[in-house]
Ligand SMILES: Nc1ncnc2c1ncn2[C@@H]1O[C@H](COP(=O)(O)OP(=O)(O)OP(=O)(O)O)[C@@H](O)[C@H]1O
Ligand SMILES: [Mg+2]
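Numbering (UniProt numbering), first residue to last: 1 to 399.
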């Protein structure tokens with residue numbers, strides 16, 4: 001009997017052990033299964049987010065590419081542009097402005113380009129980059145510098161332009177600090193033609209584009225010269241789009257370059273196309289006098305080009321007095337007096353008294369044409385020391 005009891009107790013114990021073990025393995029199985037569910041849920045969520053980001057990235061990249069292709073701009077990788085500049089080599093630096101360094105570069109297809117690399121990430125730089133791409137992708141004129149493409153990744157903002165062999169106009173009018181370019185002596189005919197081509201660039205922005213565009217940073221360093229010394233207007237990073245000529249814009253932050261900013265814009269922030277006309281007048285004065293707009297090293301009363309020149313622009317003797325000595329008197333006095341009168345009107349302190357760019361162009365066209373005719377007659381009688389026929393012919397074809 002006792003043996004039987006003992007046997008039953010043993011059987012019960014074994015059963016209990018089996019049940020406990022079975023429950024334990026069931027519980028651990030359940031725990032393992034829920035942990036598996038938890039982990040796989042987390043992983044799939046992460047994958048979903050990554051996929052969405054990838055899709056967004058693909059979408060935005062596709063958009064940029066699509067837009068840029070539509071706009072005729074090429075999207076470059078930084079690697080492509082880095083190699084085009086010989087690794088941003090110092091020997092390829094052709095200038096430096098507020099946006100960053102400008103390099104000479106050669107693209108894979110052999111095209112020579114100017115590559116402008118933003119050197120400091122900042123709100124102003126990013127904004128200028130955006131406006132430059134936006135404006136230049138929509139506007140095309142033989143008198144505006146062409147933007148060929150850009151690179152815009154997380155770390156780099158780079159603009160790729162057509163290369164203008166003779167660089168900025170200012171480099172040829174007066175010695176420029178830190179410039180490693182060779183300056184060319186600009187004769188009167190070239191100066192006349194440059195003033196007409198630059199005027200046509202602004203006329204295009206103000207009158208041929210709807211809504212009009214105000215350049216806001218027109219100056220001699222933003223007038224670039226090609227191999228034949230033909231001019232194109234550059235740098236639209238500060239441009240204001242969609243302003244109507246009458247109303248204009250009122251901004252609290254005045255942008256532009258000292259010496260070129262119209263007085264009403266500097267004082268009140270009131271920006272119109274007439275602000276560009278003022279800046280154009282200053283460049284015209286630089287072409288006439290060969291002087292910098294602001295030079296504090298000059299004698300008292302001569303530091304500001306506009307204040308010094310304006311009272312002298314309206315009489316013959318005064319004009320003679322301000323002319324660039326580098327021209328060595330080789331100009332027609334009649335033309336000079338007319339150009340001086342245009343400059344005087346452009347730099348009027350009162351915006352309403354300034355002409356429209358279309359008027360400036362109309363006044364300059366006959367001067368350039370008549371100069372060409374006279375110099376042709378001159379060269380046929382072999383008495384004129386003028387420019388090469390190539391430059392001449394090209395000028396005619398662009399009018
Ligand atoms: N497309 C180009 N081809 C040849 N040279 C260029 C070109 N773009 C710019 N440069 C050269 O680089 C110089 C610097 O140009 P950048 O526009 O960066 O500055 P800036 O106009 O002198 O001054 P800011 O930045 O104040 O406008 C120019 O003066 C010119 O000599
Ligand atoms: Mg510039």
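Ideal Cβ placement from N, Cα and C applies to all residues, glycine included.
The set of residues with CB atoms less than 6 Å from any heavy atom of ligand 2 reads, in chain order, 97, 221, 222, 234, 235. In the DSSP assignment, residue 147 forms a beta bridge with 161. In terms of Cα proximity to residue 286, the closest of 322, 301, 315, 298 is 322. Here the alpha carbons of residue 227 and residue 80 stand approximately 26 Å from one another. Rounded to the nearest whole angstrom, the CA to CA distance from residue 351 to residue 206 is 15 Å. Note that the C-beta distance between residue 173 and residue 161 is not below 8 Å. Comparing alpha-carbon positions, the option among 126, 112, 193 lying closest to residue 165 turns out to be 112.
Rounded to whole angstroms, residue 326 and residue 214 show a C-alpha spacing of 33 Å.
Judged by DSSP in its simplified three-state form, residue 9 adopts helix.
About 14 Å separates the beta carbons of residue 281 and residue 223, which is beyond the 8 Å limit, so they are not a contact pair. Counting only residues of its own chain and dropping the five nearest sequence neighbours on each side, residue 107 has a CB closer than 7 Å to the CB of 84, 113. Shown here, residue 304 sits in a strand according to DSSP, grouped into three states. Taking a C-beta distance under 8 Å as the contact criterion, residue 191 and residue 368 do not qualify as a contact pair. As for any alpha helix (DSSP H) of minimum length 4 sitting wholly inside the segment 328–382, the runs are 333–346, 357–380, ordered along the chain. Secondary-structure assignment with DSSP links residue 240 through a beta bridge to 214.
Assignment of residue 291 by DSSP, reduced to helix, strand and coil, places it in the coil class.
Of the residues assessed, residue 110 falls on the exposed side of the cut-off, its CB having fewer than 16 other CB atoms within 10 angstroms. The beta carbon of residue 199 sits closer than 7 Å to those of 280, 357, 360, 361, 364, all from its chain and outside the five residues before and after it, given in chain order. For residue 115, the enclosing beta strand (DSSP E) covers residues 112–118.
DSSP places residue 96 inside the beta strand (DSSP E), whose first and last residues are 93–96. DSSP places residue 209 outside any alpha helix (DSSP H), giving it a letter other than H or E.
In the DSSP annotation of this structure, the continuous segment of the alpha helix (DSSP H) that includes residue 265 starts and ends at 263–268.
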